[in-house]
Amino acid sequence: MSLYKQWTDMVVEYVKTKGEQAFWDEYMEIEKALYKELLAKHKEKFTFTIDELANNNNTTPEFIMGFIDGINDSLKNTLDLEAVTATDEISLEVDLENLYFNMLDAKAEYLYTLPQWEGIF
Numbered sequence: 001m002s003l004y005k006q007w008t009d010m011v012v013e014y015v016k017t018k019g020e021q022a023f024w025d026e027y028m029e030i031e032k033a034l035y036k037e038l039l040a041k042h043k044e045k046f047t048f049t050i051d052e053l054a055n056n057n058n059t060t061p062e063f064i065m066g067f068i069d070g071i072n073d074s075l076k077n078t079l080d081l082e083a084v085t086a087t088d089e090i091s092l093e094v095d096l097e098n099l100y101f102n103m104l105d106a107k108a109e110y111l112y113t114l115p116q117w118e119g120i121f
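Pasting the structure below:
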């Protein structure tokens, strides 16, 4: 089973057992931390393995896959999410302007108001 499938299955199970709000509360904290790191180093490629990023952020590979799923539309070269594994080295080239507008479109105020944006635009 692909990590992407594990991610989508985990979301369904999480919501069934703990509720949708609990899922979003946990996911938004993880997502916010990852975007802070990415935006703080916006002049560099964001390179990692899913396992390493999960370990460094005290989360699971499935939640990191969720982050990748969310940012994929804002990448200069999108990833084949079904093919990504936890041990692949991933290097994200982010189109920051597109990312910002996607955050606005998603009404993700907790992301588009991060102070790390101030040094970018």
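When we follow the UniProt record's numbering, the leftmost residue of the sequence shown carries the number 1, and every step to the right adds one. Where is the CB? At the ideal position from N, CA and C, for every residue including glycine.
Note down, in chain order, each residue of its chain lying with its Cβ closer than 6 Å to the Cβ of residue i, except the 5 sequence neighbours on either side.
i, result
"S91", "K45, T47"
"Y38", "As written in the sequence, residue 38 is Leu, which differs from the Tyr given in the question. The answer, listed in chain order, is F46."
Give me the Cα-Cα distance between residue i and residue j, rounded to the nearest whole angstrom.
i, j, result
"V15", "A22", "8 Å"
Using the Cβ count rule (16 or more neighbours within 10 Å means buried), how would you classify residue i?
i, result
"Y4", "buried"
"V84", "buried"
Looking only at DSSP bridge pairs, what is residue i linked to?
i, result
"T49", "E89"
"V94", "L75"
Return the chain-ordered list of same chain residues with a C-beta closer than 7 Å to the C-beta of residue i, the five sequence neighbours on each side being excluded.
i, result
"A33", "N57"
"E89", "T47, T49"
Excluding five sequence neighbours on each side, which residues of the same chain lie with their C-beta closer than 8 Å to the C-beta of residue i?
i, result
"M28", "Y110"
Between residue i and residue j, how many whole angstroms is the CB-CB distance? I'm expecting something under 8 Å.
i, j, result
"G87", "T49", "The question names Gly, yet the displayed sequence has Thr at residue 87. About 6 Å separates the two Cβ atoms, so the contact holds."
"E93", "K76", "4 Å"
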